[in-house]
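As you go down the protein sequences, you meet chains A and B in turn.
Using the UniProt record's numbering, you'd call the opening residue of the first sequence number 1 and step up by one each time.
Using the UniProt record's numbering, you'd call the opening residue of the second sequence number 1 and step up by one each time.
Heads up, the beta-carbon is just placed ideally off N, CA and C, and yes, glycines get one too.
Computed from a predicted model, the values in this text were never measured in an experiment.
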Amino acid sequence: MAPNMQPYESALDTNENQPKDDIVAKVAEDDALPAAAGANYVEVNTLSEYISSSISKVKNGDSGILPVLVGLIIIAIIFQSLNSNFLSAGNLVNLLSQGAVYIMLALGEIYALLLGEIDLSIGYVAGVAGIITAQLASAQHNWPWWAAIIVALLVAGAIGAIQGTIITRVGLPSFVVTLAGLLGWQGVMLLILGNGGTLPISSNVLNDLANASITPTAGWIVIIALVAVYAAITLAREFRQRKNSLHHTPASLVYFKIAGAAIAGVVLVLISNANRGVLVPIEGLPWVVLIVIAFVAAWSLLLGRTKYGRYVYAVGGNGEAARRGGVNLAVIKTIAFALASFTAGAAGILYASRLRSVSTSLDGGTLVLYAVAAAVIGGTSLFGGKGKPIHAVLGGIVIAGIDNGMGLLGISAALRLIVTGLVLLAAVVIDALARRGKTTR
Amino acid sequence: MPESQTMANSHELLELYKVSKSFGPVQSLADVDLTIPLAKVTALVGDNGAGKSSLVKCIAGIHSADSGEIVFEGKHIKLKSPRDAADLGIETVYQDLALCDNLDIVQNMFLGRERTRKGLLDEDSMEQSAKETLASLSVTTVRSIRQPVASLSGGQRQAVAVAKAVMWNAKLVIMDEPTAALGVAQTRMVLDLVRRLAERGLGVLIISHNMNDVFEVADRIAVLRLGRMVAQEDVKAFDRQIIVDLMTTGSSTRTAAKANSHGIESKEN
Chain A
1 MAPNMQPYES
11 ALDTNENQPK
21 DDIVAKVAED
31 DALPAAAGAN
41 YVEVNTLSEY
51 ISSSISKVKN
61 GDSGILPVLV
71 GLIIIAIIFQ
81 SLNSNFLSAG
91 NLVNLLSQGA
101 VYIMLALGEI
111 YALLLGEIDL
121 SIGYVAGVAG
131 IITAQLASAQ
141 HNWPWWAAII
151 VALLVAGAIG
161 AIQGTIITRV
171 GLPSFVVTLA
181 GLLGWQGVML
191 LILGNGGTLP
201 ISSNVLNDLA
211 NASITPTAGW
221 IVIIALVAVY
231 AAITLAREFR
241 QRKNSLHHTP
251 ASLVYFKIAG
261 AAIAGVVLVL
271 ISNANRGVLV
281 PIEGLPWVVL
291 IVIAFVAAWS
301 LLLGRTKYGR
311 YVYAVGGNGE
321 AARRGGVNLA
331 VIKTIAFALA
341 SFTAGAAGIL
351 YASRLRSVST
361 SLDGGTLVLY
371 AVAAAVIGGT
381 SLFGGKGKPI
391 HAVLGGIVIA
401 GIDNGMGLLG
411 ISAALRLIVT
421 GLVLLAAVVI
431 DALARRGKTT
441 R
Chain B
1 MPESQTMANS
11 HELLELYKVS
21 KSFGPVQSLA
31 DVDLTIPLAK
41 VTALVGDNGA
51 GKSSLVKCIA
61 GIHSADSGEI
71 VFEGKHIKLK
81 SPRDAADLGI
91 ETVYQDLALC
101 DNLDIVQNMF
111 LGRERTRKGL
121 LDEDSMEQSA
131 KETLASLSVT
141 TVRSIRQPVA
151 SLSGGQRQAV
161 AVAKAVMWNA
171 KLVIMDEPTA
181 ALGVAQTRMV
191 LDLVRRLAER
201 GLGVLIISHN
211 MNDVFEVADR
221 IAVLRLGRMV
231 AQEDVKAFDR
241 QIIVDLMTTG
251 SSTRTAAKAN
261 SHGIESKEN
């Protein structure tokens, strides 16, 4: 026998149950339980197989959106039982427009989280964008509302690009650079607004973004069109994959998803078309919901179906592998930080629109932490490579739901913060436990 | 130093002549000659610090040699970057495999070279090609081509990394310790895969510490010691003891005749 490396090799072979590193651990796992590791990825053909495979995925730490959906139902039941106004049409619409700012900020934060980075500055970047919009559209400058929005979004994107460039070219941790951004942009806000200052928004269109609704008929038309487009795209893909005998989701699941989208759309329109006014009738789907849907659709397309999106996931999963594949890490990351700030800029405009003003009461520090919390509660990983825009929506609704529900009950802000903190902790603990279950099984 | 022995019926894919490489005062490679024929598995062995990794990096375009010549398919070439090597059809499977755990098999195989249609990823065509490549390598153990790489075993990951290299029309596949982290059954699978690459007509250069693997899979063995090539011969010229002698002292008084019945003499100096 060759004396050189044999002892080492055989030691590795026999010690597989005491994992030395990740790869060895995985091999050991597979050798011991040949059917276990891949079992979640058996080609599923029926809905029931899909459901059981989803459940085992959750058990294995690949949770997806199932836990947060369960959480939402629990929140709804608890608050509805404590205050029957919680699920009323008026409150639900209110909740959606409250949640829109969290959702939009979380949509931005996801770009940083997917890379395994974090962006702490987006709360105050949102504030800066709100100020620019309000300032340019004010009587003093008298810009058209759309031009003010475009400039504000571009400035926000540029801020992100600058921060991203510093992070990637100088090689600094994103935490520190964006912490500097958090402090710096808060300072810029105070400088413009003055101590305790408020900047009112005079443009009606800008105020309507977060406060006005489309007509009930238009709501039906828009939602039916959206559901029809979604159904057509999903069915066409499923049909094509089946024809080319590629990997595809089971037909029953496709129908289930389309039915789910249709029901959600109909419920959304029914709720928002109910009269929620107290003195004068108010009805219809709020503009802000459509704006959020547009951003979610656009970012889902970018992240899920383009080269750029694929590289964001690759960099978050294994930056070195991406680099060897020819991906320019610095460019991908810088664009991601720019997109994060751009999205935050939109959130800031919606925030300003909702309050019809920008003031120094805007707490960008709390906002950005809520954004991170919303993304993580929704199912995005803090460690990079895992997450989708839809997670921001679900997580944002959870945060807004807790805020709103406890507000209805007249619970103090202090308790609300504690509960929100506990929910975030629970989400991370569930995620971590599931992950641990996966590796030590 | 032995002359490289050319098999009459095989074509030389890559030839190195007197390649040297220094890192500061440390001479990592000194006048190394190496021949890698087509359709054969060449094993590169040597003790730690013998220069195996440096040599591989010179071929993969990560380092450029200080002096010496590299001839690929009969043409003199200069390799300045891994991209140059990839363009020529030299693909390297590193020990850490360079796969993204969060992406599925298809996405990993096309990472950095995605196909698009109208600006959007053409998933169907990529999946089709990935499937064909895996099938042509007889990689049948993966359950679904759309499962994330995180859920694969070590051997399956190695197979995906190799398939990724092969899919890009590689002519030479370099593998760095492909079986180091694998169990018995997984090692078997990867060695079979290496043989299939050679049967497809590719040149394969495999670095391994494991003599069992080397003798099982290699057609030729090249032995490095302290940056010098001390022997490169057909596998029949060696046995384990000769390899160990060559790796440690640079010469061996044994002949392979004692170890195997083919009786071909080893020509080490």
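* To do: Mind listing the chain B neighbours of ASN244 of chain A? Cutoff is C-beta to C-beta under 7 Å, in chain order.
  => ASP124 and GLN128
* Below 8 Å, can you find three or more Cβ-Cβ pairs linking the stretch 217-227 of chain A to the stretch 146-154 of chain A? -> no
* Asked: So, is THR168 of chain A buried or exposed, given that buried needs 16 or more other C-beta atoms within 10 angstroms?
  -> buried
* Consider the Cβ of LEU44 of chain B: report whether some Cβ of chain A lies at a distance smaller than 8 Å. => no
* Helix, strand or coil at SER251 of chain B [DSSP, three-state] -> coil
* Asked: At which residue ranges does the stretch 120-185 of chain B contain complete alpha helix (DSSP H) runs of 4 or more residues, listed in the order of the chain?
  -> 123-136 and 154-167
* To do: Would you mind working out which of A:ALA210, A:ALA321, A:VAL372 and A:SER357 sits nearest ASP96 of chain B, comparing C-alpha positions?
  => A:ALA321
* **LEU415 of chain A, buried or exposed, once every other Cβ within 10 Å from all chains shown has been counted against 16** => exposed
* Please confirm if the stretch 388-402 of chain A is in contact with the stretch 96-110 of chain A, defined as three or more CB-CB distances below 8 Å between the two stretches. => yes
* At least one CB of chain A closer than 8 Å to the CB of SER144 of chain B: is that the case? -> yes
* Grab me the residues of ILE118 of chain A's own chain with a C-beta within less than 6 Å of its C-beta, minus the 5 sequence neighbours each way, in chain order. => ALA112, SER174 and PHE175
* Asked: Would you call ASN273 of chain A buried or exposed, if buried means 16 or more other Cβ atoms sit within 10 Å of its Cβ?
  -> buried
* Listed by chain order, chain A residues near GLN107 of chain B by CB distance under 9 Å -> ARG310, TYR313 and ALA314
* Asked: How would you call ARG276 of chain A, buried or exposed, if buried means at least 16 neighbouring beta carbons within 10 angstroms?
  -> buried
* Is VAL42 of chain A close to chain B, meaning its C-beta is less than 8 Å from at least one C-beta of that chain? -> Confidence in VAL42 of chain A is poor, its pLDDT being 47 and thus under 50, which makes the residue's placement unreliable; the coordinate value appears in the next sentence. Interface residue, yes.
* Asked: Going by alpha carbons, who is nearest to ASN109 of chain B out of B:LEU88, B:GLU132 and B:ARG117?
  -> Here residue 109 of chain B turns out to be Met, not Asn, going by the sequence shown. That would be B:GLU132, whose Cα lies nearest to the Cα of MET109 of chain B.
* Determine which residues of the stretch 377-406 of chain A have a Cβ less than 9 Å from any Cβ of chain B, and write them out in chain order. => SER381, GLY384, GLY385 and LYS386
* Backbone secondary structure at ASP245 of chain B - three-state DSSP -> helix
* **Under 7 Å by beta carbon: chain B residues contacting ALA321 of chain A** => ALA98, LEU99, CYS100 and LEU111
* Chain-ordered residues of the stretch 323-339 of chain A with a beta carbon less than 8 Å from chain B -> ARG324, GLY325, GLY326 and VAL327
* **Residue span of the alpha helix (DSSP H) that contains ARG354 of chain A, given as start and end** => 329-355
* To do: Consider the Cβ of LYS307 of chain A: report whether some Cβ of chain B lies at a distance smaller than 8 Å.
  => yes
* To do: Determine the direct distance from the alpha carbon of GLN186 of chain B to that of GLN156 of chain B, and round the result to whole angstroms.
  => 8 Å
* ARG220 of chain B - partner residues in DSSP beta bridges -> B:THR42 and B:ASP234
* Chain-ordered chain B contacts of GLN241 of chain A [CB-CB under 8 Å] -> ASP124
* **Rounded separation between ASP408 of chain A and ASN83 of chain A - CA only** => Per the sequence presented here, residue 408 of chain A reads as Leu, with Asp not at that position. So the two alpha carbons sit approximately 7 Å from each other.
* Closest Cβ-Cβ distance between GLU114 of chain B and chain A: below 8 Å? -> yes
* **The alpha helix (DSSP H) enclosing ALA60 of chain B, as first and last residue numbers** => 52-60
* To do: Name, in chain order, the residues that DSSP records as bridge partners for GLU69 of chain B.
  => B:TYR17
* **For PRO369 of chain A, the nearest candidate out of A:ALA259, A:VAL70, A:GLY194 and A:TYR124 (CA to CA)** => Position check: residue 369 of chain A holds Leu in this sequence, whereas Pro was assumed. Among A:ALA259, A:VAL70, A:GLY194 and A:TYR124, the Cα nearest to that of LEU369 of chain A belongs to A:TYR124.
* Output the distance between the C-alpha atoms of PRO178 of chain B and VAL190 of chain B, rounded to the nearest integer angstrom. => 7 Å
* Asked: DSSP state of MET386 of chain A, grouped into three classes?
  -> According to the sequence provided, residue 386 of chain A is Lys. The question's Met does not apply to it. Reduced to three states, the DSSP call for LYS386 of chain A is coil.
* Asked: Would a check of beta-carbon distances place GLY119 of chain B closer than 8 Å to chain A?
  -> yes
* Asked: Which residues of chain A have a Cβ atom closer than 8 Å to the Cβ of LEU224 of chain B, listed in chain order?
  -> What LEU224 of chain B touches in chain A: nothing, since even the nearest Cβ is about 14 Å away.
* **For GLU91 of chain B, the three-state DSSP class (helix, strand or coil)** => strand
* Between the C-alpha atoms of LEU14 of chain B and ARG225 of chain B, what's the straight-line distance to the nearest angstrom? -> 21 Å
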